[in-house]
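Chains as they are written, first to last, in my numbering: chain A, 19 to 358; chain B, 19 to 358. Right, one structure below, let's go through it.
Protein chains: 2
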Amino acid sequence: MPNDKITSLDVAKRAGVSQSAVSRVFTKGASASQKTIDKVRKAAKELGYRPNVLARSLITGRSRIVGLVVAYLDNYFYPVALQKLSNALKEEGYHVMVFMASDTTKDIERVVDEMLDYQVDAIVAASVPLSSDLAGRCRDEGIPLVFFNRSQDGENLTSVTADNYAGGKEIARFLAAHHPERIGYIAGFEGASTQRDREAGFLDGLKAAGREVSSRTVGNFNTEETRAAALAMFSAPRHPDAVFVANDHMAFTVMDVLRSDLHLTVPGDVILVGYDDVPPAVWAGYSLTTVRQRTGRMVEETVKVLMNAITTGEAPVVNLKIAGPLIVRGSAPAPKGWTG
Amino acid sequence: MPNDKITSLDVAKRAGVSQSAVSRVFTKGASASQKTIDKVRKAAKELGYRPNVLARSLITGRSRIVGLVVAYLDNYFYPVALQKLSNALKEEGYHVMVFMASDTTKDIERVVDEMLDYQVDAIVAASVPLSSDLAGRCRDEGIPLVFFNRSQDGENLTSVTADNYAGGKEIARFLAAHHPERIGYIAGFEGASTQRDREAGFLDGLKAAGREVSSRTVGNFNTEETRAAALAMFSAPRHPDAVFVANDHMAFTVMDVLRSDLHLTVPGDVILVGYDDVPPAVWAGYSLTTVRQRTGRMVEETVKVLMNAITTGEAPVVNLKIAGPLIVRGSAPAPKGWTG
DNA sequence: AAGAATAATGCAATCGAATGCAGAATTTAC
DNA sequence: GTAAATTCTGCATTCGATTGCATTATTCTT
Numbered sequence: 019m020p021n022d023k024i025t026s027l028d029v030a031k032r033a034g035v036s037q038s039a040v041s042r043v044f045t046k047g048a049s050a051s052q053k054t055i056d057k058v059r060k061a062a063k064e065l066g067y068r069p070n071v072l073a074r075s076l077i078t079g080r081s082r083i084v085g086l087v088v089a090y091l092d093n094y095f096y097p098v099a100l101q102k103l104s105n106a107l108k109e110e111g112y113h114v115m116v117f118m119a120s121d122t123t124k125d126i127e128r129v130v131d132e133m134l135d136y137q138v139d140a141i142v143a144a145s146v147p148l149s150s151d152l153a154g155r156c157r158d159e160g161i162p163l164v165f166f167n168r169s170q171d172g173e174n175l176t177s178v179t180a181d182n183y184a185g186g187k188e189i190a191r192f193l194a195a196h197h198p199e200r201i202g203y204i205a206g207f208e209g210a211s212t213q214r215d216r217e218a219g220f221l222d223g224l225k226a227a228g229r230e231v232s233s234r235t236v237g238n239f240n241t242e243e244t245r246a247a248a249l250a251m252f253s254a255p256r257h258p259d260a261v262f263v264a265n266d267h268m269a270f271t272v273m274d275v276l277r278s279d280l281h282l283t284v285p286g287d288v289i290l291v292g293y294d295d296v297p298p299a300v301w302a303g304y305s306l307t308t309v310r311q312r313t314g315r316m317v318e319e320t321v322k323v324l325m326n327a328i329t330t331g332e333a334p335v336v337n338l339k340i341a342g343p344l345i346v347r348g349s350a351p352a353p354k355g356w357t358g
Numbered sequence: 019m020p021n022d023k024i025t026s027l028d029v030a031k032r033a034g035v036s037q038s039a040v041s042r043v044f045t046k047g048a049s050a051s052q053k054t055i056d057k058v059r060k061a062a063k064e065l066g067y068r069p070n071v072l073a074r075s076l077i078t079g080r081s082r083i084v085g086l087v088v089a090y091l092d093n094y095f096y097p098v099a100l101q102k103l104s105n106a107l108k109e110e111g112y113h114v115m116v117f118m119a120s121d122t123t124k125d126i127e128r129v130v131d132e133m134l135d136y137q138v139d140a141i142v143a144a145s146v147p148l149s150s151d152l153a154g155r156c157r158d159e160g161i162p163l164v165f166f167n168r169s170q171d172g173e174n175l176t177s178v179t180a181d182n183y184a185g186g187k188e189i190a191r192f193l194a195a196h197h198p199e200r201i202g203y204i205a206g207f208e209g210a211s212t213q214r215d216r217e218a219g220f221l222d223g224l225k226a227a228g229r230e231v232s233s234r235t236v237g238n239f240n241t242e243e244t245r246a247a248a249l250a251m252f253s254a255p256r257h258p259d260a261v262f263v264a265n266d267h268m269a270f271t272v273m274d275v276l277r278s279d280l281h282l283t284v285p286g287d288v289i290l291v292g293y294d295d296v297p298p299a300v301w302a303g304y305s306l307t308t309v310r311q312r313t314g315r316m317v318e319e320t321v322k323v324l325m326n327a328i329t330t331g332e333a334p335v336v337n338l339k340i341a342g343p344l345i346v347r348g349s350a351p352a353p354k355g356w357t358g
């Protein structure tokens, strides 16, 4: 190892300037003469110097780390979001540190502690239960917190989500236009705002069309319960011929149950709509009609909110809802006269 | 915000001891009397004190951050691995910082710089091109580096991968036992060791069974090219009736092409095997026969290697290969007399 | 060209903890 | 009970930067 630990002092010596000068060259907002800048840049390049972010953080009080809390990555939606978030934050000079949270209270507490230990500048919470504890701690510590894809009504917390209510409503309009005999709904985890909002929009939309749900079961956003929920709903003699499943992953499971277990065809016997538009939705094996979550936009907005909160120190509570389009595919083709 | 920035000094004052005493209580390996420990712990709890990891890093030279470099997260394999890696490292008191690398050389350079800026203690590189540059830099800086799911033969770099050669060979044995007329292979990105090893094993396995590949195209691990590769291979009049596709995601695409575009049945007209055993492989819509990557074991070994390198300072080059079983599902059922 | 205004620079303190050293307290040995 | 060995403890320094302040060098005015 030729060079171990090049510090600003080394660069200063070589460039024949003071250590502060070096610091100023690498600190934007600080001023230095062009001559100094050139000398320092040159010396730095020769030595392979780069400022130590940690040391910088210590004095500025900014770590340039954003903590991302996720409970699971096995819903495709999250990795996609993580990827975009990481890229977007990189542009701002921030980086993502990943914190996995299981469901236990104890765990979320520990996770928060860990994040604070690293002095994260902000926290993005995606799919996290027990969010009020989290929020309390963050408020106490003055750390900006954004809920991504979850909102917490009542308590006024900042969140960025899809416009789930509108999406649910659109799906209702779409399904109603097929004039099905019976309409089903398979719910996600009832503690999740995504679930609640999607259902509320769906029900209101149906009502507006003079329809209602004839059958409802709960899949809880996990495969096993969703299988059971689908079996329960579609084993009945007069089962629905149109169903909205609260998210895409559950929808895949439901399709599997319909086709493989119950030998029903989609969209022949049952038309089916999901929510999220995760990558497999476009795979021919599923070709799922669904409402798209505009992850890119959601991430953009999240970053915007965070950066604003970090730089101004103000953290006005906002609840952004990003509407996404209904993507019509094979699992529920467009009804006659449908105009997106 | 009731309490902002509680430092060891605050705790020291309240506990009536010196700052060093506080530090010693929170530094394992340091000694303090039980009495001091109790006083400090109590004061710390009352104030809600936790050591600042960044400040600690500055002086210890250990950030307790592991940099993870990934090019894309849209192959399910990576999020699953990330999740496990994050959990495993948490146990060791480390955390994962995510660095996205696009394919450009410039980019990987920048990514390395960024990681060094954060003083990461180690780097895990998953699915990264241009690895020799990366490796050089890390060696220079004395940072342990493990290639996850990629190896770089020739240059002796540490890696943890599946036993891709063995897996490919097993698939050959399995397919040969079906006595198909013609056998096809759809390759991944040819610069990737996973691709090369799987193919080498496959070809050797076929040879051992007195068979060979009659048709080979390249899908490059991406959807579009895989579609083209599948169309090219199966539009031919005498197309293969058994095919090994270099990874699961490509295999899904191939199945879609076979069924939806070419109206061929799987496993009726063509039997098909993938590699990875990502979650969708089990979905009934695909039910893919594949070789499992034992992500859990791979992550375990990776962490073991890293921790050893970090604590001892020694980084012996190792190339771990974790064998995984062939998982037989619908896309290629077990041939007569097959014994796993 | 001289004085005012502005920019650039170095000095030294600081961020929050860890740690070598020397002295104090405690334990152990006999 | 005293000396030796051991464990604790506080002081002061250090890690690698940033930044307020005072000073010096430039540039601008007229």
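Virtual Cβ for every residue (Gly too), placed ideally from N, Cα, C.
Spatial distance of residue i from residue j (CA atoms)
| i | j | result |
| --- | --- | --- |
| N182(B) | F207(B) | 15 Å |
| V43(B) | A30(B) | 11 Å |
| D125(A) | T283(B) | 47 Å |
| L91(A) | K354(B) | 38 Å |
| R379(A) | F95(A) | Nothing about residue 379(A) can be read from this structure; chain A reaches only from 19 to 358. |
| A387(A) | G314(B) | Lying before the first or after the last residue shown, residue 387(A) is absent from chain A, which here runs from 19 to 358. |
| I340(A) | I340(B) | 44 Å |
| M133(A) | T122(B) | 32 Å |
| P20(B) | Y136(A) | Bear in mind that a pLDDT of 42 at P20(B), under 50, signals an unreliable position, so the number given afterwards is only what the model happens to contain. Roughly 20 Å separates the two Cα atoms. |
Interface partners of residue i on chain A, CB under 7 Å
| i | result |
| --- | --- |
| P162(B) | Result: empty, since nearest Cβ-Cβ is about 13 Å, beyond 7 Å. |
| W301(B) | F270 and D274 |
| S81(B) | L72 |
Collapsed DSSP secondary structure at residue i in the structure displayed
| i | result |
| --- | --- |
| R74(B) | helix |
| F207(A) | coil |
| L344(B) | strand |
| A61(B) | helix |
| V321(B) | helix |
| L163(B) | strand |
| R229(B) | coil |
| K339(B) | strand |
| I141(B) | strand |
| D158(B) | helix |
| F262(A) | strand |
| L290(B) | strand |
| I24(B) | coil |
| V130(B) | helix |
| K354(B) | coil |
| S150(A) | helix |
| A119(A) | coil |
C-beta atoms of residue i and residue j nearer than 8 Å
| i | j | result |
| --- | --- | --- |
| Y293(B) | V309(B) | yes |
| I141(B) | V88(B) | no |
| A153(B) | E173(B) | yes |
| I24(A) | G66(A) | yes |
| L72(B) | S169(A) | no |
| S104(A) | V129(B) | no |
| V138(A) | V178(A) | no |
| I204(B) | V261(B) | yes |
| A50(B) | A33(B) | no |
| S233(B) | R200(B) | yes |
Chain-ordered chain A contacts of residue i [CB-CB under 9 Å]
| i | result |
| --- | --- |
| P69(B) | D135 |
Within chain A, partners of residue i - CB distance below 8 Å
| i | result |
| --- | --- |
| H113(B) | M115, V116, F117, E132 and Y136 |
Closer than 7 Å at the beta carbon, the chain B residues around residue i
| i | result |
| --- | --- |
| L76(A) | L72, A73 and L76 |
| V84(A) | None at all; the shortest Cβ gap to chain B is about 10 Å. |
| Y304(A) | G303 |
Interface residues of chain B facing residue i [CB-CB closer than 8 Å]
| i | result |
| --- | --- |
| R347(A) | None at all; the shortest Cβ gap to chain B is about 12 Å. |
Determine which residues of the region 90–108 of chain B have a Cβ less than 8 Å from any Cβ of chain A, and write them out in chain order.
For the region 90–108 of chain B, which is checked against every Cβ of chain A, the residues closer than 8 Å are Y90, L91, D92, Y94, Y96, P97, V98, L100, Q101, S104, N105 and K108.
Short-range partners of chain B found in the region 198–210 of chain A, where Cβ spacing is below 7 Å
Answer in chain order: no residues at all.
Pull out every residue of the region 139–156 of chain B whose Cβ sits closer than 8 Å to any Cβ of chain A, in chain order.
Residues passing the 8 Å Cβ filter: none.
Which residues, in order along the region 277–299 of chain A, keep a beta-carbon less than 9 Å from a beta-carbon of chain B?
Residues of the region 277–299 of chain A with a C-beta less than 9 Å from any C-beta of chain B: R277, S278, D279, P297 and P298, listed in chain order.
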